[in-house]
Every structure is written in C-alpha cells, then in structure tokens.
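So the structure is just underneath, and the comments pick up after that.
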Amino acid sequence: MASSLDQLPPEKIDELLQQAEGRLKAGETTCPNAATVKTRFPKLDVGTLPTPYVQQSGPVVCADSKALVPSSQRTVSEKPRTLVDPVLVRQRRKNAPDTLPDWYNIPRTNLTTELKRDLQLLNMRSVLDPKRMYKKQGKFKIPEYSQVGQIVEGPTEFYSARLRNKDRKETFVEDALAGEVETGRFKRKYEEVQTKKTSGKKAFYKALKAKRSKHGKG
C-alpha cells in the first residue's frame, strides 16, 4: 500500500484526500453495507399503581377528601403559634408573690438539702411501702410553694396512740432509716438483687465455696 501511494503523483493524492474529506462531511460511512443495530428494551411489569388523589377535570383540579389533612388537625395548624419569651418568664417568676393568699398564705419553697431529700422520699414512697397503693407522681418536681408543718396531737387522743419523744424524727429520711434498722427490708432486698446479679459468676462461686467450707468446719 505504501509503495502504490509513492507511485501516485501529488495531484492524485490531493484529489483522494479531498474525496475522503467530502465523504466525512456528508456523513457517509466507510462500511455502507453494515447492518443497522436495533435495540429492544424489555417491558417492565410495574404492577398496580396507586390511584392519584388529584384528579383534573378540564381546567379544574380536585383532590380526594380522604387524602387531605383532617379538619381537626387543620384547625390546630392554622392557629397562630404562641412564642414564649424566656426573659418574660424569668421576670414573672421574679415578680411572683412570696405567699399565696388564696391558699392560706403558703410561702415560697425554701429549698434546703433536708427538704429536697424529704421531697424525693415522698416521691418514692411506693418503694418504702410496696404493699400500699399510691398514686403515681410522675417525674420528680420541686413545688414552687410549700410549707413543712408539724402534727400536734389532739387532747382527746389516748397517750398510747402517740409516738414517744425518742421515736420521733425531724425528717422523713431519719424516720425511714429508723424503720430500716428495725425491719432490715432494704438490706434484704439488696442482698437478693446482688445474688441474682452475681449468679453464675466468679464472685458467686467464691461465696458458695466459703459458705461450704464454713459449714464443713462447723
């Protein structure tokens, strides 16, 4: 091929190049007898499509009432949202009265460590006395107004119905601890929980081995 091109004159070579350039511009292919490739895409079965809730009837578009937001929720969403300013809330708390005249002038809560423990104990009173049913208090919250009082026995009560002075405690925590000394319920429950937690572990077998050796020596 190279030798045949060398034998052609330059004018012939230029003519051949111009013809090839013309064929490229006209979009002619070098293989005119090539078979045309036909691509066929398989049809996919999409199944049953959901019915659209928006229907168009001419220039009017209607929506299905079942797919819309219920009227009860729509009325709530259309109401203006109330924004709470934390600065105003703090000012209201600061300007709040120190006592409540409608509630026998109950003073504002003077939170101390002892009072906080007593309030926590009152919130967990179902644990202290599980055999008695109490109303659930929910999350522990310190009351804004509260007052600690003292029960005074009436003159008609018999002396045996009263507590002795040495049995009286100043706080609920001291009273609960004194009851624990007599009953030992919390200690017993703690030991039961620990026994269940350590069952099958190394500490459990150590305690069991020490208990067996103790009985063997006895």
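Residue 209 is where the sequence shown starts when you use this note's numbering, and the numbers rise one by one after that. All C-beta atoms in this analysis are idealised placements derived from N, C-alpha and C, irrespective of residue type, glycine included.
Determine, using beta-carbon pairs with one atom in the segment 314-325 and one in the segment 272-288, whether at least three such pairs fall under 8 Å.
no
Beta strand (DSSP E) runs contained entirely in the segment 277-347, provided each spans 3 or more residues:
none
In this structure, how does DSSP classify residue 421 when only helix, strand and coil are distinguished?
Helix.
Taking all protein chains shown into account, do 16 or more other C-beta atoms lie within 10 angstroms of the C-beta of residue 337, making it buried, or fewer, making it exposed?
exposed
Closer than 8 Å is the cut-off here; do at least three beta carbon pairs connect the segment 324-331 with the segment 342-351?
yes
Helix, strand or coil for residue 273 per DSSP?
helix
7 Å Cβ shell around residue 271 - same chain, five flanking residues per side excluded
These residues qualify, in order along the chain: 261, 262.
Buried or exposed: where does residue 310 fall if 16 or more other Cβ atoms within 10 Å of its Cβ makes it buried?
Per the 10 Å Cβ criterion, exposed.
So residue 389 is in the alpha helix (DSSP H); what residue range does that whole segment cover?
380-391
Distance between residue 384 and residue 371 (C-alpha atoms, nearest Å):
15 Å
Of the choices 412, 220, 275, 409, whose alpha-carbon is the least far from that of residue 259?
275
8 Å contact criterion, which residue 388 and residue 380 should meet: CB distance rounded
At roughly 12 Å, the Cβ-Cβ gap does not stay under 8 Å, so residue 388 and residue 380 are not in contact.
Straight-line CA distance for residue 397 to residue 417?
The straight-line gap from Cα to Cα measures roughly 23 Å.
Going by the beta-carbon positions, is the gap between residue 308 and residue 314 smaller than 8 Å?
By the CB criterion at 8 Å, residue 308 and residue 314 fall inside the cutoff.
Please name the residue in 368, 367, 378 whose C-alpha comes closest to that of residue 356.
378
Could you tell me the distance, in whole angstroms, from the CA atom of residue 360 to the CA atom of residue 325?
23 Å
To the nearest angstrom, how far is it from the Cα of residue 422 to the Cα of residue 352?
57 Å
Using DSSP with H/G/I as helix, E/B as strand and the rest coil, what is residue 263?
strand
Bridge partners for residue 268 per DSSP, in chain order?
265
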